[in-house]
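Presented below is the structure to which this report refers.
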Amino acid sequence: MTDSVSGFMTIPVVILLALWSSFGIAAQASSPTVVGAEARQDVSRSVSIYRNDQSGLSLGRAEELYRQGHFIRPESSEQSPTNFGLTKEQVWLAFEFSTPEQISDRIFLEVGHASLDEVHFYLLEDGELVTHQQSGDLLPFTERPVSHRNHVFPLSLSADSQYQIFLSVRSEGTLTVPVTLWQGDSLWRSDQYTYAALGLYYGLLVALLIYNLFLFFSLRDVLYLTYVGFIACLAIGQAGLSGLTGHFLWPDTPWLVHLSPTGGVAAAGIFGALFVQRFLAGTPARLKLAWFMPCISVAYGLTFLTAVVGFYDVAAIAVNLLSMVFAVAALMMGGVSLWRREPGSRFFVLAWVSFLLGVLVIALHNVGVLPSNGFTANALMIGSAMEMLLLSLALADRTRELETTNRQLWENQQILEKQANHDVLTGLANRKLLQDRLAGAGARARRSGASFALVVVDLDRFKEINDTLGHSAGDDVLVSVSNKLKALPRSSDTVARIGGDEFVLLLEGVQKGQGLSRLIANLSRIGDMPVILENGTEVRVGLSIGVAVYPEDTSDIDRLFSLADADMYRNKQHQEAEPEGA
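Written as structure tokens, this is what we have:
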């Protein structure tokens with residue numbers, strides 16, 4: 025009975041094997057896809073995959089391995105079956121499909137990851153090679169089958185036929201191979217939205233770059249120039265990842281196109297680390313990490329050189345690891361700066377949170393942990409756009425807060441200077457400021473041959489008022505007299521209080537004669553004017569005046585002051601000697 029069952033079960037197995045051999049179809053691809061039913065078909069989940077870690081595999085050998093079942097059909101549970109992370113393997117993808125009775129004459133296959141190094145496309149009809157096309161960023165852009173930022177191959181298909189596609193892909197960077205079939209103009213219609221988003225991104229970058237470049241020219245702060253370098257290099261790195269360097273910048277220079285994704289990001293890291301170090305000012309030093317960001321910058325520089333000399337795969341791994349460490353460290357330092365309420369720290373922390381999330385997503389995508397989709401593939405672009413916008417706001421916030429701080433410092437300095445150079449009670453210049461003004465007047469007079477007068481004024485009955493009516497009354501008298509003295513000379517002249525009840529007037533461009541006599545007469549009238557105290561009491565003080573003129577009386581500045589002071593005391597003694605009311 026057992027033998028009968030075994031013999032019975034052998035029959036369908038033999039039939040299946042015969043069918044397998046006659047059609048040459050692997051078990052995992054036994055249900056071919058029909059192409060032409062939809063304008064856009066994502067076939068990444070329909071491919072079979074073979075990873076070759078040895079020397080290059082020929083198409084003939086790949087077909088043989090495919091027929092033998094060595095190509096593996098991904099599990100349906102796999103989120104991104106064609107994302108292979110950072111690998112130097114040659115990856116083969118195979119895909120079988122049929123065409124309906126009516127089919128468009130414009131069908132394209134797109135491999136939607138621009139920075140792949142080598143992409144070979146083979147189209148077979150009934151086992152015979154129909155076309156072999158090549159793309160990749162190691163190939164001049166002008167030699168691509170279709171002028172597109174991604175790797176696009178035109179398909180010439182017949183109706184009601186069976187086809188096979190083989191793709192051979194290599195890359196020293198991230199190897200992800202999203203495969204899509206497009207009919208008619210559907211690819212170009214989809215590109216309109218893609219290029220609109222890219223235009224918005226690069227428009228933002230260019231605007232921020234120009235704005236901060238002008239700020240550098242205006243403020244001469246190297247911080248802004250460092251930020252400009254960061255933006256420019258990151259833009260090149262993103263352009264390399266997006267396939268725009270080959271399309272627009274260096275279509276005939278494949279090695280630059282190949283270098284731009286990893287090299288651009290590494291160069292951006294050099295400037296980014298220096299920017300963080302300078303922006304956070306004292307925070308790294310307080311954390312005893314003043315050495316850290318310069319070391320990160322040097323590490324990025326070595327990574328850039330590694331990519332330039334040809335070890336691109338090593339540089340690709342290093343730039344992913346460095347970016348993670350850099351973003352986490354910058355976020356940590358920014359958090360400390362925020363806790364200390366440093367200028368611009370709020371936007372700085374938000375910026376690096378955005379960038380860290382973008383780096384984290386793209387790094388996990390690059391090593392194959394996260395699936396490949398529109399968000400994960402462009403996470404760095406999204407995160408960097410948010411980061412650069414927020415960093416620009418952080419710079420503006422920092423500048424605004426520093427300007428406020430500087431203005432407060434300037435105001436405090438003005439107050440201190442005024443206190444150092446002016447009398448607290450009357451607001452007049454003090455002895456220090458008078459000496460400075462006197463030295464300046466002497467220098468100007470020597471150059472031009474002009475003259476100036478020094479007038480010393482002393483209150484006659486101030487001590488009596490101060491002793492009998494109190495210090496408050498004395499202060500009222502001093503303030504009243506000083507206000508009247510300030511109103512007499514020109515704005516270019518100086519009125520100073522150099523002692524308890526002694527004032528000095530420095531009058532430039534004045535000679536002995538009618539003008540000076542008129543001023544002395546006006547001063548005498550001030551002394552005769554009554555002073556009304558706060559309590560309503562009326563007092564009169566009287567003024568004793570002494571004058572000396574440079575250079576008529578002397579060309580020695582120190583002696584000039586002594587002559588004016590002596591003249592004042594002679595006049596005071598003369599007034600005291602006269603009978604009151606004479």
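Be aware that the sequence shown starts at 25, since it is given in the working numbering, and climbs by one per residue. Note that the Cβ used here is the ideal one computed from N, Cα and C, for glycine as well.
Query, Result
"Along the chain, where does the alpha helix (DSSP H) that runs through residue 66 open and close?", "Where residue 66 is concerned, there is no enclosing alpha helix (DSSP H), although the beta strand (DSSP E) it sits in stretches over 64 to 66."
"Got a sec? Which residues, its chain only, sit under 8 Å from residue 595 by beta carbon, not counting five neighbours each side?", "568, 569, 570"
"For residue 347, which residues in the same chain have their Cβ closer than 6 Å to its Cβ, ignoring the five residues on either side in sequence?", "383"
"Where does residue 597 sit, in a helix, a strand or coil, going by DSSP?", "helix"
"Rounded to the nearest angstrom, what separates residue 274 and residue 241 at their Cα positions?", "30 Å"
"Rounding to the nearest angstrom, what Cα-Cα distance links residue 317 and residue 140 in this structure?", "31 Å"
"Leaving out five residues on either side along the sequence, give the residues of the same chain with a beta carbon under 6 Å from the beta carbon of residue 304.", "357, 361"
"Between which two residues does the alpha helix (DSSP H) carrying residue 327 extend?", "316 to 332"
"Distance check for residue 449 and residue 492, CA to CA, integer angstroms please.", "20 Å"
"Should the region 520 to 527 be regarded as contacting the region 449 to 463, the criterion being three or more beta carbon pairs within less than 8 Å?", "yes"
"Taking the beta strand (DSSP E) that residue 482 falls in, what are its first and last residues?", "476 to 483"
"Using the three-state DSSP reduction, which class does residue 294 fall into: helix, strand or coil?", "helix"
"Can you give me the start and stop residues for the alpha helix (DSSP H) that residue 206 sits inside?", "Not the alpha helix (DSSP H): residue 206 falls in the beta strand (DSSP E), residues 203 to 207."
"Just the C-alpha distance for residue 405 and residue 262, rounded to the nearest angstrom, thanks.", "7 Å"
"Going by other Cβ atoms of all chains shown within 10 Å of its Cβ, with 16 needed for buried, is residue 509 buried or exposed?", "buried"
"Of the residues 84, 437, 80, 430, which one's Cα is nearest the Cα of residue 153?", "84"
"Could you spell out where the alpha helix (DSSP H) holding residue 250 opens and where it closes?", "246 to 266"
"Considering only their Cβ atoms, is the gap separating residue 461 from residue 423 smaller than 7 Å?", "no"
"Report, in whole angstroms, the separation of the C-beta atoms of residue 288 and residue 258, which I expect to be a contact under 8 Å.", "7 Å"
"Mind checking which residues open and close the alpha helix (DSSP H) that includes residue 107?", "Counting along the chain, residue 107 falls outside any alpha helix (DSSP H), though it belongs to the beta strand (DSSP E) covering 107 to 110."
"Using a Cβ distance threshold of 8 Å, determine whether the region 433 to 449 contacts the region 535 to 545, with at least three qualifying pairs required.", "no"
"In terms of alpha-carbon separation, which member of 230, 238, 160 lies closest to residue 260?", "230"
"Consult DSSP for residue 416 and reduce its assignment to one of helix, strand or coil.", "helix"
"Any contact of the region 102 to 112 with the region 189 to 202, i.e. 3+ C-beta pairs under 8 Å?", "yes"
"Assuming residue 543 contacts residue 478 under a Cβ cut-off of 8 Å, what Cβ separation, rounded to an integer in Å, is found between them?", "Between residue 478 and residue 543 the Cβ distance is about 12 Å, and since that is not below 8 Å, they are no contact."
"Which residue comes first and which comes last in the beta strand (DSSP E) that contains residue 212?", "Residue 212 -> not in any beta strand (DSSP E); alpha helix (DSSP H) instead, spanning 210 to 243."
"Suppose only complete runs of 3+ residues qualify. What are the beta strand (DSSP E) ranges in the region 540 to 585, listed by chain order?", "567 to 574"
"If the criterion is Cβ atoms closer than 7 Å, does the pair residue 271 and residue 162 meet it?", "no"
"Helix, strand or coil for residue 353? Go by DSSP, reduced to three states.", "helix"
"In the DSSP assignment, find the alpha helix (DSSP H) that holds residue 489 and state where it starts and stops.", "486 to 493"
"In this structure, what does DSSP give as the bridge partners for residue 144?", "158, 192"
"Considering only the alpha carbon of each residue, which of 414, 280, 572 lies closest to residue 328?", "280"
"Mark residue 553 as exposed unless 16 or more other C-beta atoms lie within 10 angstroms of its C-beta, in which case mark it buried.", "exposed"
"Leaving out five residues before and five after residue 254 in sequence, what residues of the same chain have Cβ atoms less than 6 Å from its Cβ?", "292, 295, 296, 299"
"Could you pull out every residue in the same chain whose Cβ sits closer than 6 Å to the Cβ of residue 175, ignoring the five residues on either side in sequence?", "135, 143, 159"
"Counting Cβ pairs closer than 8 Å, one from the region 183 to 195 and one from the region 206 to 221, do we hit at least three?", "no"
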